[in-house]
Amino acid sequence: MKLAALTMLAGAGCAAAFTSPSVNSQSGSTVSLEMSYENEIGAQKPLGFWDPLNFVYEQDQERFDRLRYVELKHGRIAMLAITGHLWTSSGHRLAGDIDYHGTSFASIKTGIAGLSQIPTAGILQIVAFVGFLELFVMKDVKGNGEFPGDFRNGFDFGWDKYTDEEKAAKRSIELNNGRAAQMGILGLMFHEMMGGDPYVINELFGYPSGFNAGL
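Under the numbering used here, think of the first position of the sequence shown as 63, with each following residue one higher.
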């Protein structure tokens, strides 16, 4: 499901279903068991079930759920990355310093260019915060998730008031927004490395973004 742009360039096909062997418990013979994921959340027009690299080919439901869990998490991180990129690119910064040596948040560039400017103490803070989220927040720590990526862990947050149709629609929207964000942040990183300004559309129309100008 990920790397869709690269696989389209390669001309890969779309797999809508697959078959895998299963043992008949009564006769002990091997029979063909069709495992179809074309009706899962995220399989929708125009592509339908899109698995050109066969990540779930001849895989069971547990494998599919694991990949869906990872895809959702990556999508959520990418959405936060896009939001942060746009926010800081427009000149907004946190107040104060990132360390005790006077390195202000406002002095750190946006995007990849800012990585070399973050002091060691700042990197440690980021790693610790991400580790905390990974271990205690972005995880179904109580084992009571309704679906892969359900991190409510016993809290409602108003989710149970929705109908099954509304829940499916919201999950689909989040999944597709996450997919778009993954491609979006990849595009911003690529164009920054290629030409320094990730917002190439602005420049093409004569309105350069002034990305990291003055920093």
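Glycine is no exception: its CB is placed at the ideal position from the N, C-alpha and C atoms.
Look up Q123 in the DSSP assignment and say whether it is helix, strand or coil.
-> For the purposes of this step, residue 123 is taken as the residue at position 61 of the sequence shown. If DSSP states are grouped into helix, strand and coil, Q123 belongs with the helices.
Using the C-alpha atoms, what's the distance from N274 back to W112?
-> One-based indexing of the sequence shown puts residue 112 at position 50. One-based indexing of the sequence shown puts residue 274 at position 212. So the two alpha carbons sit approximately 37 Å from each other.
Are T150 and T165 closer than 7 Å when you measure CB to CB?
-> Along the sequence shown, one-based indexing puts residue 150 at 88. Along the sequence shown, one-based indexing puts residue 165 at 103. No, they are not a contact pair.
Which two residues bound the contiguous alpha helix (DSSP H) that contains E100?
-> Indexing the sequence shown from 1 puts residue 100 at position 38. It is not in any alpha helix (DSSP H) - E100 carries neither H nor E in the DSSP assignment.
Alpha carbon to alpha carbon, how far is G104 from G137?
-> Numbered from its first residue, the sequence shown carries residue 104 at position 42. Numbered from its first residue, the sequence shown carries residue 137 at position 75. G104 and G137: Cα-Cα distance of roughly 13 Å.
Bridge partner(s) assigned by DSSP for S166 | Taking the first residue of the sequence shown as position 1, residue 166 is located at position 104. Per DSSP, D159.
Beta-carbon contacts of G246 that lie in its chain and below 6 Å, excluding the five residues immediately before and after | Here residue 246 is taken as the residue at index 184 of the sequence shown, counted from 1. Here the set comprises I144.
Helix, strand or coil for G211 per DSSP?
-> As a first step, residue 211 must be located in the sequence shown, where it is residue number 149. Reduced to three states, the DSSP call for G211 is coil.
Look at the alpha carbon of A183 and the alpha carbon of L142, and state the distance between them as a whole number of angstroms.
-> Within the sequence shown, the letter at position 121 stands for residue 183. Within the sequence shown, the letter at position 80 stands for residue 142. Cα to Cα, the separation comes out at about 22 Å.
Spell out the partners DSSP gives G110 in its beta bridges.
-> Along the sequence shown, one-based indexing puts residue 110 at 48. BP columns for G110 point to Q106.
At least three beta-carbon pairs within less than 8 Å, the stretch 118-126 to the stretch 228-237 = no
Proximity winner among L156, Y131, G258, P181, relative to Y162 (alpha-carbon distances) | Along the sequence shown, one-based indexing puts residue 162 at 100. Considering only alpha carbons, the answer is P181.
Contact under 7 Å by Cβ, A175 with R155 | Taking the sequence shown and counting its residues from 1, one reaches residue 175 at position 113. Taking the sequence shown and counting its residues from 1, one reaches residue 155 at position 93. No, they are not a contact pair.
Cβ atoms of F213 and M200: under 7 Å apart, would you say?
-> For the purposes of this step, residue 200 is taken as the residue at position 138 of the sequence shown. For the purposes of this step, residue 213 is taken as the residue at position 151 of the sequence shown. Yes.
Tell whether a beta-carbon distance below 7 Å holds between G157 and Q244.
-> Counting from 1 along the sequence shown, the entry for residue 157 is found at position 95. Counting from 1 along the sequence shown, the entry for residue 244 is found at position 182. The question names Gly, but residue 157 in the sequence shown is Ala. No; because the gap between Cβ atoms is not below 7 Å, this pair is not in contact.
Please report how far the alpha carbon of V132 lies from the alpha carbon of N239, in whole angstroms.
-> Working through the sequence shown from its first residue, we reach residue 132 at position 70. Working through the sequence shown from its first residue, we reach residue 239 at position 177. Roughly 15 Å between the two C-alpha positions.
State the Cα-Cα distance for the pair H147 and F252, rounded to the nearest angstrom.
-> Reading the sequence shown from its first residue, position 85 is the one you call residue 147. Reading the sequence shown from its first residue, position 190 is the one you call residue 252. C-alpha separation (whole angstroms): 14 Å.
Taking the C-alpha atoms as reference points, what is the distance between V262 and G276?
-> For the purposes of this step, residue 262 is taken as the residue at position 200 of the sequence shown. For the purposes of this step, residue 276 is taken as the residue at position 214 of the sequence shown. Those two C-alpha atoms are separated by around 19 Å.
Assign R33 to buried or exposed, taking buried as 16 or more other Cβ atoms, counted over all protein chains shown, within 10 Å of its Cβ.
-> Beyond the ends of the chain as shown, which are 63 and 277, falls residue 33; an answer cannot be given.
If we count the other Cβ atoms within 10 Å of its Cβ and call it buried at 16 or more, is P270 buried or exposed?
-> Locating residue 270 in the sequence shown gives position 208, where the first residue counts as 1. With fewer than 16 Cβ atoms within 10 Å of its Cβ, P270 is classed as exposed.
Could you give the residue range of the alpha helix (DSSP H) that holds Q244?
-> Reading the sequence shown from its first residue, position 182 is the one you call residue 244. Element bounds for Q244: 226-257.
Taking the C-alpha atoms as reference points, what is the distance between Q106 and F117?
-> The sequence position of residue 106 within the sequence shown is 44, counting from 1. The sequence position of residue 117 within the sequence shown is 55, counting from 1. So the two alpha carbons sit approximately 18 Å from each other.
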